[in-house]
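Numbering (the working numbering), first residue to last: 2 to 549.
Backbone N, C-alpha and C fix where the C-beta goes; we use that ideal spot for every residue, glycine too.
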């Protein structure tokens, strides 16, 4: 099993790869350092301290391992956070070579393109559901006293990258006055909106503290990265509290029910929207081809986290024309346009909260951001941008605070940063990973660029781009060419295998492994009021009205 550490600090970045033999003693730290490919200068003493702390945390597991941490969860002697991944590609690390301004130029061309209109389209809510899943699968919680005074460890280490929705339960210890009375039920919490009319008493914000800032108290520090993500968290907590209060369940049982209902939505609604049916059916029947970790040892692959699952960047709209709309009227909220700048602004870092709370007219009930809701809404469903090799222009002008690394001030391009990060961390090219998946020759990047030569002028015929394509761009261009509104064969397989494996890893999973190595859903759920929620629209209906 090949495992990848990724240490990040303001000045330094380090990646190393270790080969672990299950249940065997670990190698000496100095041997690890000697074999480490260093991408940027890093203090060896700082790394040794980080390694010592991480090894301490791993003693609770059957084998020695180092577990992943989110930004803000752990500070290790100059490194801001640690990430930990598996790796799919069997070959040597890819080397970008001297690419000149290739990534900058490619990012500029992607931002200048209009996305093609393909397939039936995916409602906008699924953009933020994908981001939520990515965060949930990488969430790790550091407890400095888990193993005793001063002996830290990862409190959720037993299911490190499982898709278990643990981040919606509980809050961090409060260090400042609450910005509003919280609604607390079923071991979860919600905050109140700013100047919310009584008629909207079912509309909520994240639980926040400190009226001057509005810092959220949720477990995952990334949940307030944008308003769409924050309000999706609110939706899931509202659903959980509904189950807790109406199904006669104690806190533990209601958490299990919530996890399994949300896992069902991922398996039966989210994945079929983005994964080609033949890929979906093949993985469910025969199991993974690339994500081959044994049960109990699953880790999110680098190729998924840093490239394939970042197809969601292309789905972000510049403008949501019907952001705040309530049904049924009359209610004191009219529909309003929401630009990406507003979704980034109405967060604790964005500075537009009022007395530390979200203004009531920016609450998102999701009724018009999904389909199949069964209500006669006075607006059309807001759709995501099609999955394609394009990205909306505002994502090329992001502040440095929106990135994990300590970048200099000034606007930064998300596309350029994604391309550069993949090269720096040695991701395989799209062609290399496709060959490993048995997809040789199924997609020609050179032909794609030639077909869109007027949009990619200056890049047509570029040998590096055509023959050793950055994996992220490859997956997007493949989806645009072959996906008909979904991912293509390679991107679809990596995403499907990773998410289903993460579902199977959860303690309360709805899946079991079959004798053929595939996956089978074994938990079939229903509510006392009747029916089984299988779509995101069911979650929205229950959270808003209490009925399917």
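Simplified DSSP assignment, three categories, for residue i
i, result
"residue 469", "coil"
"residue 482", "helix"
"residue 124", "strand"
"residue 514", "strand"
"residue 508", "coil"
"residue 206", "strand"
"residue 217", "strand"
"residue 86", "strand"
"residue 536", "coil"
"residue 194", "coil"
"residue 477", "helix"
"residue 164", "coil"
"residue 399", "strand"
"residue 542", "helix"
Unbroken alpha helix (DSSP H) run spanning residue i, endpoints
i, result
"residue 189", "No alpha helix (DSSP H) contains residue 189, which is instead part of the beta strand (DSSP E) from 189-191."
"residue 418", "415-425"
"residue 449", "446-452"
"residue 437", "431-437"
"residue 140", "Neither: residue 140 is in no alpha helix (DSSP H) and is coded neither H nor E."
"residue 112", "103-113"
Residue i classed as buried or exposed, judged by whether at least 16 other C-beta atoms fall within 10 angstroms
i, result
"residue 514", "exposed"
"residue 387", "buried"
"residue 87", "buried"
"residue 441", "exposed"
"residue 1", "No answer is possible for residue 1: it lies beyond the span of the chain, which begins at 2 and ends at 549."
"residue 204", "buried"
"residue 255", "buried"
"residue 527", "exposed"
"residue 536", "buried"
"residue 507", "buried"
"residue 169", "buried"
"residue 364", "buried"
"residue 538", "buried"
"residue 422", "buried"
"residue 545", "buried"
"residue 277", "buried"
"residue 282", "exposed"
"residue 210", "buried"
"residue 90", "buried"
"residue 323", "buried"
"residue 479", "buried"
"residue 279", "exposed"
"residue 431", "buried"
"residue 366", "buried"
"residue 342", "exposed"
"residue 302", "buried"
"residue 198", "exposed"
"residue 402", "exposed"
"residue 489", "buried"
"residue 463", "buried"
"residue 392", "buried"
"residue 200", "exposed"
"residue 411", "exposed"
Extent of the continuous beta strand (DSSP E) run through residue i
i, result
"residue 520", "520-522"
"residue 382", "Run containing residue 382: none; DSSP gives neither H nor E here."
"residue 184", "184-186"
C-beta neighbour in chain C for residue i, strict 8 angstroms
i, result
"residue 353", "No chain C is present in this structure, which holds just one protein chain."
Using 8 angstroms as the threshold, is the stretch 242-251 in touch with the stretch 165-180, meaning 3 or more CB pairs across them? no
Unbroken stretches of the alpha helix (DSSP H), 4 residues or longer, contained in the stretch 290-377: 303-307 and 341-346
Is there contact here, the stretch 387-400 with the stretch 412-423, by at least three beta-carbon pairs under 8 angstroms? yes
If we count Cβ pairs, one from each stretch, closer than 8 angstroms, do we get three or more for the stretch 267-276 versus the stretch 493-502? yes
Segment contact, 8 angstroms Cβ cut-off, at least three pairs: the stretch 256-266 with the stretch 464-473: no
At what residue ranges does the stretch 237-278 contain a whole run of the alpha helix (DSSP H), taking only runs of 4 or more? 252-266 and 272-275
Kindly confirm or deny that the stretch 342-352 and the stretch 519-529 touch, where touching means at least three C-beta pairs closer than 8 angstroms. no
Should the stretch 125-144 be called in touch with the stretch 440-459, which here means at least 3 C-beta pairs below 8 angstroms? no
Do the stretch 129-139 and the stretch 97-111 meet, that is, are 3 or more Cβ pairs less than 8 angstroms apart? no
How do the stretch 355-369 and the stretch 201-219 stand: do at least 3 beta-carbon pairs fall below 8 angstroms, yes or no? yes
Quick check: the stretch 122-132 against the stretch 226-237, are there 3 or more CB pairs under 8 angstroms? yes
Cβ contact (3+ pairs, closer than 8 angstroms) linking the stretch 366-373 and the stretch 308-315: no
Determine, using beta-carbon pairs with one atom in the stretch 480-491 and one in the stretch 457-468, whether at least three such pairs fall under 8 angstroms. no
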